[in-house]
Amino acid sequence: MRVFKACFQVMSRKMGALAIYVVIFMALSVLLTDMSAQQLSTDFTAEKPTFTIIDRDGDTPITQGLRRYLSQNGTEVPLKDEIQVLQDATFYRASDYIVIIPQGFAASFLTAAPLQLQTVTTPNSARGYYADSLVSQYLQMVRSSLLADPGADPAQVVETAISDLGQHVQVTTRQFGEAQPVSESYHIFFRMQSYILMVMVMLCLSTVTIAFGRPDLRRRNLCSPMNAGRLNGQLSLYSLIISLFCWLLLTLLGFVVYRRDLAVLDMRLLGLMLLNALVFTLVAMAISMLAGIFMKSPNTQNAVANFVSLGLSFLGGVFVPLEYLGQGMLAVAHFTPTYWYSVALNRICKISSFSGGVPVEIWQAMGVQLGFAAALLCIALVMAKYAGRSERALQQSHTELQN
Amino acid sequence: MFCNIYLKRIRAALRDPTTLVWTWVFPLMMATLFYFAFGSLDETAQLQTVPVAVVRDSAYQQDQTLQTALQQVSQGDSALLSITYVDSTQQADTLLQNEKVSGYILAGDVPQLAVSGSGIEQTVLRGFLDSYQQTKNTVSRAVAAGVSDPQQLRALIARQDFTEGISLTKNPVTEKVGYFYALLAMVCLYGSFQGLTSVDRLQANLSPVGARQTIAPTNRHILVSADLLGGITVHTACVGIVVLYIRYVLGVDFGGKMPLVLLTCLVGSLVGVAFGALVSVNHRIKDGPKTAILISVIMVLSFLSGLMVSGINYTVAQKLPVVSWLNPAARISDAFYCLYCYDGYSQYFLNIGILLAMAAVMFAATAAFVRRQRYESI
Amino acid sequence: MIIEVKNLVKRYGDLVALDHFDLSVQEGEIFGLLGPNGSGKTTAINCMLSLLHYDRGEVSLFGSPMSPQNYKSKQKIGVVMQNVAVFHELTVLENIDYFCGLYVADRKKRRELVDEAIDFVGLGEYRKFLPKKLSGGLLRRLNIACGIAHRPSLIFMDEPTVAVDPQSRNNILEGIRRLNAQGATVVYTSHYMEEVEQLCSRIMIMDRGRAVATGTKEELKAMIRTGEKLLVELPDLPAPVLREIQAIDGVRQVSYQNGQLVAHCMMGGHQMIAVLDLLRQRQLPFGRVFSEPPTLNDVFLEITGKQLRD
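Residue numbers (our numbering), protein chains in the order written: chain A, 1 to 403; chain B, 404 to 781; chain C, 782 to 1091.
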């Protein structure tokens, strides 16, 4: 177990860099989750689009009522009436629906051709459409009431309209099972975990294995009576332990940060999620070992680690959920382990009942991941064996000596 | 003298394959990946037709008004609903459980909606039924009040266009470009590797080459500035190539102001190189941790500028404006964004000004260390 | 005096790297700094070059105080570092040209100097090679060429022959003599006493940051009491005879091992004849007899009580 031990000795010298990676990426996983999570529940609550009212007509009962009505059904995002502010808000989807009330709107409201409100939404956005329908609904009702009874007090009419519009049809929520759903933050935390696991395992492992890849050291190891299989075996064992350690760290982090979500979570679901992450840890390890062959210096190490992890994550629905990927992209995504991780995770989070056992798709997706891990590991071991002996790998010994 | 140092520095940088991979090939690959991954991103969150089931029970058969209303919204190009008709509640439940539909409608005096969760589609469904019911109420109230003129009744139902959609930007609003801008910001900051190399080779306590350069009779200021300028030149060229690739090969829009886009690249690279130089001057930190610091910090800055989840930069700017202003990655991507979105240049030049100030501060701090040519230990 | 160092003190925390170190080197000398690893040779050179802060003392080169901004003095100095200090991305030619360019702005003049330096170290065939393609010895030669291409009149060489094959080493030593012949003053550090003995006109022996002795090699050897070392091969030597030899006037120390008698003698006597006479008197047959003159190692051993090379 000399090699195995040496790995840990090298690691203890590199603690500085490793600690930075671990801390940063753990923090990043929480940040990523926090930023992407939205509250979701299984009881029906109406979606509340964000809206902004830019009133250029001065406060009139009608516009006041509009604001009140929209506030009941959405969340107001107050913005200044400045073009750049409004542009920013649309661009970053801060406000789903910006409505600009033009000057003279109230005066023209009851004429045959009232001034139109200008609205800004992302084209075809569902929330924008919904907000727009609310506005039309409200104006329609207020206008027809006023037209029907020209003498009525506008404030009163608005009041009635709002309370009329507040009447909703009855919505029943059908529950199809007893299991508690996974909270969205915890779900997203796990979704991000495939990226974090990959990049963390890759950086932590390669920081140490780069030392073993140095040509002079490699030569020395090749000269020793230890056969290449055992050498790589011990390196693999080390990789496995570090990978599991990363998984454990992230699991604990999840327990601590999302303890509230955990309290109501079905233990069987949690078990499946952890198992899925564990299976992916093996994939991450195999990827790291394969990628490690191409890492010769800290520079290439970071390039490879970032490209592989970010690339697989974007493809595999880690940052952008799978539903958002185009059809062609989705087809390509099938060839990435991250995709199968996400598929398994999404399916687990949708389990509402264990009455029929664990859905077979979950086992399938985990199986595919294991297949990926095994295949990548084999390739890595074979390549490590032959790449190390090639002339090029041994050629650079001069420069190494002098550094 | 200056030219000699400058040109040699560029030549050396171009022969350093690892840094080139990092600052050049890697972003090109990422950009290509983004291009494919986000090809259909802008279609998300768009309203497609909402799948809904309608139970054709006796109540439905009798409710002519509802039938007509449903028919109206499920036909044509701008259909709101795609309706599956079923004969029993059980069938509807099955569809709902298998997520074939977002909800189902039960006719009645007041129609009912059944759903299995919340979401925009469910909300739209309820909105449709609400509006249907309200219109129906209005009409029946009018009839009860004695209105019988069909013209007048139609006026009550008729949808008036109260709103008109406008666009605030001359370039279309798209989430996609944000990812590319954040990627470019990250690439600019990768200039820190050039800064790292430069300072490493200028400082006698960091490398043997540094010692050799320190004992030469060349004026220190010339040496340092020529070397750093070489690094900046190489890196700006790298970023420039990435920009041209993104613009002309991948066809991502920059708002058509290419000279200013390239200026942003230059200023961004300046900040990147300055950052790397500043981290590098500390001889107590070894090379490994230095790289780790650079990578991690750039990763976090890029994340906060919207590299992984678009829109984060906006959230940060709203909630923690100071963090946003101090984040060079956010300033760089915002500068690109200004060029794309705004007609005016004030915000753009504000960004450039802040970036220049950052670079100046970091270069000044670096200079305070590099100016020294005597060390406590080598 | 081309180098004048007075009372130099340099501390690294608690460790005193240079302890009241004095040095003066005259023009035209090859001056050797000899001492074991860690004795302060490199630190002394770095202080003289103003690369390091020092706690006390004065350094003047070419008659003017040395400082980082003393570009006039720097212009005349060439340094060959212990570590190979070249750009790995630049070729042999480009490296030498770059470093020469830091001293000589004129392009045409520089080209001549660079060609000369390449010929000087014998790297003519390797002009277009990147450093990583060079063997260890050739890399050292490149390192030297980078340090001397601008024709300095004062050259510091810090262990230029460490880890170099004998052929390259001879080439390097020969080169240093030629540089000296062309008029350069050389300060040469090494822990190989043979090199220093061969090469240097004056030598300083250093230990723990102090100059323990300075002079020509003859002067140094004259400083100590140890004279020649006598070796006599003989099959048998009874213990009483060994004691008798020990008692001979001028013999400092004797030992008998593996059929060889070793007698360390004092300076200036004729102990060899006395020893051989005694052996003949006791009728002990002996084979070959060798006499070795004292080495710098003996000097170092006597002054510091420890071996120069462990």
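We treat Cβ as the ideally placed atom computed from N, Cα and C, and that holds for glycine.
*Would you kindly report the start and end of the unbroken beta strand (DSSP E) that includes F51/A?*
Translated into the one-based positions of the first sequence, residue 51/A becomes position 51. 50-55 is the extent of the beta strand (DSSP E) around F51/A.
*Please confirm if the segment 607-618 of chain B is in contact with the segment 632-650 of chain B, defined as three or more CB-CB distances below 8 Å between the two stretches.*
no
*D496/B: which of L516/B, K573/B, Q536/B, E524/B sits nearest, CA to CA?*
Taking the second sequence and counting its residues from 1, one reaches residue 496/B at position 93. Checked all of L516/B, K573/B, Q536/B, E524/B; the closest Cα to D496/B is L516/B.
*Select from D737/B, W425/B, A440/B, P430/B the residue whose C-alpha is nearest the C-alpha of G328/A.*
Mapped onto the first sequence, residue 328/A falls at position 328. Answer by Cα proximity: A440/B.
_Interface residues of chain C facing A415/B [CB-CB closer than 8 Å]_ = In the second sequence, residue 415/B corresponds to position 12, counting from 1. By Cβ distance, chain C contributes F868, E870, L871.
*Considering only C-alpha positions, which residue in the set L86/A, A148/A, G74/A is nearest to K48/A?*
In the first sequence, counting from the first residue as 1, residue 48/A sits at position 48. Here the closest residue by C-alpha is G74/A.
_Range of the contiguous alpha helix (DSSP H) that encloses L212/A_ = Sequence index remark: in the first sequence, residue 212/A carries index 212 (1-based). For the sequence presented, residue 212/A should be read as Phe rather than Leu. Element bounds for F212/A: 184-213.
_Buried or exposed (CB count within 10 angstroms, at least 16 for buried), A1028/C_ = To locate residue 1028/C, count along the third sequence from 1; it is residue 247. That one is exposed.
_For Y973/C, the first and last residue of its enclosing beta strand (DSSP E)_ = The count along the third sequence starts at 1 and reaches residue 973/C at position 192. Careful: Y973/C lies outside any beta strand (DSSP E) and carries neither H nor E.
*Tell me whether the beta-carbon of L28/A lies closer than 8 Å to the beta-carbon of F706/B.*
Within the first sequence, numbered from 1, the residue matching residue 28/A stands at position 28. Within the second sequence, numbered from 1, the residue matching residue 706/B stands at position 303. Yes, Cβ-Cβ distance for L28/A and F706/B is below 8 Å.
*Check each candidate in N685/B, L710/B, Y751/B, K503/B and name the one with the smallest Cα separation from Y778/B.*
Residue mapping note: residue 778/B aligns to position 375 of the second sequence, counting from 1. Out of N685/B, L710/B, Y751/B, K503/B, N685/B has the C-alpha closest to the C-alpha of Y778/B.
*Under the rule that 16 or more other beta-carbon atoms within 10 Å means buried, what is N227/A, buried or exposed?*
Here the question's residue 227/A lines up with position 227 in the first sequence. Counting C-beta atoms within 10 angstroms of its own C-beta, N227/A has fewer than 16 neighbours from the protein chains shown and is therefore classed as exposed.
*If you compare alpha carbons, which of V590/B, V612/B, Y751/B, R557/B is closest to V428/B?*
By 1-based counting over the second sequence, the position of residue 428/B is 25. The option with the nearest alpha carbon to V428/B is V590/B.
_Residues that A17/A bridges to, as DSSP identifies them_ = In the first sequence, counting from the first residue as 1, residue 17/A sits at position 17. According to DSSP, which records beta bridges pairwise, A17/A is partnered with nothing at all.
*Using DSSP bridges, identify the partner residues of Q1038/C.*
By 1-based counting over the third sequence, the position of residue 1038/C is 257. Q1041/C.
*In whole angstroms, what is the alpha-carbon distance linking M289/A and V627/B?*
Here residue 289/A corresponds to residue number 289 of the first sequence, with the count starting at 1. Here residue 627/B corresponds to residue number 224 of the second sequence, with the count starting at 1. Taking the straight line joining both Cα atoms gives about 40 Å.
*Determine, using beta carbons only, whether N788/C comes closer than 8 Å to chain B.*
In the third sequence, the residue the question calls residue 788/C occupies position 7. False, the Cβ-Cβ gap to chain B never drops below 8 Å.
*Of all the residues that make up the segment 697-709 of chain B, which are near chain A by a beta-carbon distance shorter than 9 Å?*
Against chain A - using a Cβ distance shorter than 9 Å - the residues of the segment 697-709 of chain B are L697, I698, S699, V700, M702, V703, F706, L707, G709.
*Under 8 Å between the Cβ atoms of L830/C and I625/B?*
As a working note, residue 830/C is residue 49 in the third sequence. As a working note, residue 625/B is residue 222 in the second sequence. Their beta carbons are not under 8 Å apart, which means L830/C does not touch I625/B by this criterion.
*Could you tell me whether the segment 199-218 of chain A touches the segment 8-18 of chain A, using the rule of 3 or more Cβ pairs below 8 Å?*
yes
*Taking C-beta to C-beta, are V967/C and I936/C nearer than 8 Å?*
On the third sequence, residue 967/C is found 186 positions in, with the first residue counted as 1. On the third sequence, residue 936/C is found 155 positions in, with the first residue counted as 1. In contact: V967/C and I936/C (Cβ atoms closer than 8 Å).
*Can you find a heavy atom of the ligand NAP that lies under 7 Å from the Cβ of T970/C?*
This structure does not include the ligand NAP; it has no bound ligands of any sort.
*asked:* Quick check: the Cα distance between D1017/C and Q1052/C, rounded to an integer number of angstroms?
replied: Locating residue 1017/C in the third sequence gives position 236, where the first residue counts as 1. Locating residue 1052/C in the third sequence gives position 271, where the first residue counts as 1. C-alpha separation (whole angstroms): 20 Å.
*asked:* Tell me the DSSP secondary structure of I1029/C in three-state form.
replied: By 1-based counting over the third sequence, the position of residue 1029/C is 248. Coil at I1029/C, not helix or strand.
*What are the start and end residues of the beta strand (DSSP E) that includes N788/C?*
In the third sequence, the residue the question calls residue 788/C occupies position 7. From DSSP, the beta strand (DSSP E) with N788/C extends over 784-793.
*Would you call W363/A buried or exposed, if buried means 16 or more other Cβ atoms sit within 10 Å of its Cβ?*
Within the first sequence, numbered from 1, the residue matching residue 363/A stands at position 363. Under this definition W363/A is an exposed residue.
*Buried or exposed: P298/A, going by 16 or more other Cβ atoms within 10 Å of its Cβ?*
Start at 1 with the first residue of the first sequence, and residue 298/A comes out as number 298. With 16 or more Cβ atoms within 10 Å of its Cβ, P298/A is classed as buried.
_Closer than 8 Å at the beta carbon, the chain B residues around E742/C_ = No answer is possible for residue 742/C: it lies beyond the span of chain C, which begins at 782 and ends at 1091.
*For L40/A, which residues of its own chain have a beta-carbon under 7 Å away from its beta-carbon, when the five flanking residues on both sides are left out?*
On the first sequence, position 40 is the one that residue 40/A refers to. Confidence at L40/A is low in this model, with a pLDDT of 44, below 50, so the placement of that residue is unreliable and no value is reported for it.
*Relative to chain F, which residues along the segment 599-623 of chain B have a C-beta separation below 9 Å, given in chain order?*
Chain labels in this structure do not include chain F; the protein chains are A, B and C.
_C744/B, DSSP secondary structure in three states_ = For this step, residue 744/B is matched to residue 341 along the second sequence. Secondary structure of C744/B (DSSP, three-state): helix.
*Select from K539/B, V513/B, S749/B the residue whose C-alpha is nearest the C-alpha of V169/A.*
Position 169 of the first sequence holds residue 169/A. Ranking the options by Cα distance to V169/A, first place goes to V513/B.
*asked:* Beta carbons nearer than 9 Å to chain C: which residues of the segment 768-780 of chain B have them?
replied: Hits within the stretch, in order: R775, Q776, R777, Y778, E779, S780.
*Residues in its own chain within less than 6 Å of R991/C by CB, not counting five upstream and five downstream?*
Start at 1 with the first residue of the third sequence, and residue 991/C comes out as number 210. Excluding sequence neighbours, R991/C sits near D800.
*CA nearest to the CA of G714/B, picked from V304/A, F319/A, K385/A, L146/A*: Residue numbering aside, residue 714/B sits at position 311 when the second sequence is read from its first letter. G714/B has its Cα closest to that of F319/A, out of V304/A, F319/A, K385/A, L146/A.
*asked:* Check for me: the alpha helix (DSSP H) holding S355/A runs from which residue to which?
replied: As a working mapping, residue 355/A is identified with position 355 in the first sequence. Premise fails: S355/A is in no alpha helix (DSSP H) and is neither H nor E.
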